[in-house]
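In our numbering, the protein residues as written are 379 to 608.
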């Protein structure tokens, strides 16, 4: 229960706002005296609060790098609520019999909100997808480093161990921001590491292992050079 309140605090606050608005509205407004603009104001202001509440759980933040776009969307929702609040408060105070103008103004504001929201949401999704892909590449490069480090346990030859450690350092110092240009060569690099493991496991001669390590170093250098290509 405590976890629910911690994770859903914004939604709970918006729900309380909706309840408070309804309490105040029904205390102050007498249905028999309320004209069309009052009900239009009530309906659209209720909608604005519901939209504000929906914004609290539409997004699931996966990375800090998406924060800028997410904050912009949340500010947009609060801005829409503020405009809707002022507009519909005026409509309720006017208490006029003709609701056409109020409906048109609310629809225009709502359409503008939806249009900007779609633009920002697409930006958010793109940033989120790029972040997820980058984090995946970072995990894969770290796993490659772990695989290389594990090779040192398959030999007692100090020359080979030194070459493996140098290769591991080169991987650690390489950029993790792979792209479509580096994908194929990264797969070759993983295959080369598997070849080195097989050679060590089968007790191949040192020169064969060192030659395979040099081949892996060459693939890593090619991979890093490909990162320069946009």
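Glycine included, every Cβ here is placed at the ideal spot set by N, Cα and C.
Three-way DSSP call (helix, strand, coil) for residue i in this model
i           : result
residue 605 : coil
residue 474 : coil
residue 559 : coil
residue 484 : helix
residue 553 : coil
residue 528 : helix
residue 572 : helix
residue 580 : coil
residue 466 : helix
residue 443 : With a pLDDT of 45 at residue 443, under the threshold of 50, the modelled position of this residue cannot be trusted, and the question is left open.
residue 434 : helix
residue 424 : helix
residue 522 : helix
residue 333 : Because the chain is modelled from 379 through 608, residue 333 falls outside the range shown and cannot be assessed.
residue 589 : helix
Same chain only: Cβ atoms within 7 Å of residue i, ignoring 5 sequence neighbours per side
i           : result
residue 388 : 434
residue 631 : It is not possible to answer for residue 631, since the shown part of the chain is limited to 379 through 608.
residue 398 : none
residue 584 : 535, 537 and 538
residue 586 : 577
residue 494 : 454
Residue i vs residue j beta-carbon contact at 8 Å
i           : j           : result
residue 602 : residue 527 : no
residue 467 : residue 419 : yes
residue 465 : residue 484 : yes
residue 570 : residue 594 : yes
residue 529 : residue 578 : yes
residue 463 : residue 426 : yes
residue 597 : residue 563 : yes
residue 410 : residue 473 : no
residue 416 : residue 470 : yes
residue 522 : residue 588 : no
residue 498 : residue 450 : yes
Element boundaries [alpha helix (DSSP H), containing residue i]
i           : result
residue 400 : 387-406
residue 550 : 536-550
Close-in-space but distant-in-sequence residues of the same chain around residue i (CB under 6 Å, 5 per side omitted)
i           : result
residue 414 : 475 and 477
residue 392 : 430 and 431
residue 461 : 487
Residues near residue i in its chain [Cβ-Cβ closer than 8 Å; skip 5 each side]
i           : result
residue 442 : Confidence is the limiting factor: at residue 442 the pLDDT is only 47, short of 50, which leaves the residue's position unreliable and the question unanswerable from this model.
residue 590 : 570, 573, 574 and 577
residue 459 : 426, 427, 429 and 430
residue 549 : 519, 522, 523, 526 and 598
residue 532 : 575, 578 and 579
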